[in-house]
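First the structure, in the form of C-alpha cells, and then the observations on it.
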Amino acid sequence: MKTFDLSVYLVLDPDLCRAIGMVETARLAVAGGATIVQLRDKQADTAAMIETGRALKAALAGTGVPLIVNDDVEAAIAIGAEGIHVGQSDMAAATARERVGRGMILGLSVETEELARRVDPSIADYVGIGPVFATATKPDHEQPVGFEGLARIVAVAPVPAVAIGGLKAEHAGPVLAAGARGIAVVSAICGQPDPEAAARRIADEIEKARA
Ligand code: TZP
Ligand code: MG
292 MKTFDLSVYL
302 VLDPDLCRAI
312 GMVETARLAV
322 AGGATIVQLR
332 DKQADTAAMI
342 ETGRALKAAL
352 AGTGVPLIVN
362 DDVEAAIAIG
372 AEGIHVGQSD
382 MAAATARERV
392 GRGMILGLSV
402 ETEELARRVD
412 PSIADYVGIG
422 PVFATATKPD
432 HEQPVGFEGL
442 ARIVAVAPVP
452 AVAIGGLKAE
462 HAGPVLAAGA
472 RGIAVVSAIC
482 GQPDPEAAAR
492 RIADEIEKAR
502 A
C-alpha cells in the first residue's frame with residue numbers, strides 16, 4: 292500500500308526533539324494531525340537509525356501515518372519503513388529505487404526548476420522543494436526560493452510536491468496556492484512546547500486553505 296498525504300509533513304530532528312525525544316514528538320504530532328513523518332538524523336549510523344526507526348514504527352502503528360527514512364536505504368529496509376527520502380547529494384534516486392523496490396514511497400529533494408524537470412516519475416513518488424525561507428535548522432541549505440520560486444518549481448515537477456524550509460502554520464495558504472500539496476516542518480513542531488497543538492495549528496490552516 293503506497294498511499295500518502297503530504298499535508299502536514301513532520302521531519303524529526305534529534306537535537307530539536309531533545310526535550311521529549313523523537314518518538315514522543317511524533318506520537319503527539321500525529322495526534323494533532325501530522326499526516327506523514329520522516330526520521331532525519333544526519334549524525335546517526337545505520338544501527339542507531341534502525342533502533343530509533345523501529346521505535347517510531349511501533350509508535351505509528353495503527354495510525355495510517357507512513358514513516359519515511361531520510362537517506363539511509365538499508366535502515367529503511369530493516370525498519371520496514373513505508374518510505375525513503377533522498378537529497379541531491381545522497382544516494383541517487385534511481386539506485387535507491389532499485390534497492391527498495393516498487394512498494395516503498397520514494398521522496399526526492401529538489402531545489403531548482405532544472406532539478407524538478409529532471410525528476411523521473413517512475414522513480415520518485417514526491418518531491419520536497421525548498422528551502423522556501425532561510426532556516427537555522429539546515430545551515431548548509433541552498434538559496435531560498437520564496438513562494439514564487441516554489442510555484443515555478445512545483446509547476447514543472449512531474450510528481451506531487453511538499454514545501455520545506457522556515458515554514459510555519461501561517462504559511463499553509465501561500466504554500467498550497469503555489470501548488471504544493473503540503474507543508475514540511477522541523478522546528479514548527481519539534482522545537483515547540485506542545486507538539487500536538489503545533490501540528491493541529493498547521494492541520495487547521497491547511498484545511499482552511501483548502502476550503
Ligand atoms: N531541507 C530544506 S530546509 C530543511 C530541510 C531538511 C530544514 C527545515 O527546517 P525548519 O525548522 O522547518 O525550517
Ligand atoms: Mg539527505
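In my numbering, the protein residues as written are 292 to 502.
All residues carry an ideal CB built from backbone N, CA and C; glycine is no exception.
Are the beta-carbon atoms of residue i and residue j separated by less than 7 Å?
i, j, result
"Ala448", "Ile493", "no"
"Gly392", "Tyr417", "no"
"Ile480", "Ala488", "no"
"Val477", "Leu307", "yes"
So, with DSSP's three-state summary, where would you put residue i?
i, result
"Ser478", "helix"
"Gly344", "helix"
"Leu441", "helix"
"Leu406", "helix"
"His432", "coil"
"Leu458", "coil"
"Leu297", "coil"
"Val423", "coil"
"Leu307", "coil"
"Ile396", "strand"
"Ala452", "strand"
"Val356", "coil"
"Gly374", "strand"
"Gly473", "strand"
"Ile327", "strand"
What does the alpha-carbon distance come out to for the pair residue i and residue j?
i, j, result
"Val450", "Thr337", "29 Å"
"Ala384", "Tyr300", "20 Å"
"Phe424", "Ala463", "13 Å"
"Ala310", "Gly440", "35 Å"
"Leu319", "Asp411", "35 Å"
"Glu404", "Ala387", "22 Å"
"Thr343", "Leu330", "8 Å"
"Lys293", "Val436", "29 Å"
"Glu365", "Arg390", "9 Å"
"Gly421", "Ala454", "6 Å"
"Pro296", "Ala325", "The amino acid at residue 296 is misidentified as Pro; the sequence shows Asp. The straight-line gap from Cα to Cα measures roughly 9 Å."
"Gly457", "His432", "11 Å"
"Asp495", "Arg501", "10 Å"
Buried or exposed for residue i, please, with buried defined as at least 16 other CB atoms from any protein chain shown within 10 angstroms of its CB.
i, result
"Ala317", "buried"
"Ser400", "buried"
"Ala427", "exposed"
"Ala446", "exposed"
"Gly394", "exposed"
"Ala298", "The sequence shown places Ser at residue 298, rather than the Ala named in the question. Buried is the call here."
"Ala371", "Note on identity: in this sequence residue 371 is Gly, with Ala being the wrong assignment. Gly371 comes out exposed."
Would residue i count as contacting chain D if we go by Cβ distances under 7 Å?
i, result
"Met340", "Looking for chain D here will not work: only one protein chain is present."
Point to revise | Lining residues of ligand 1 - beta-carbon closer than 6 Å to any non-hydrogen atom, in sequence order | key: Listed by chain position, these are Val302, Gly421, Pro422, Thr426, Thr428, Lys429, His432, Ile455, Gly456, Gly457, Leu458, Val476, Val477, Ser478, Ala479.
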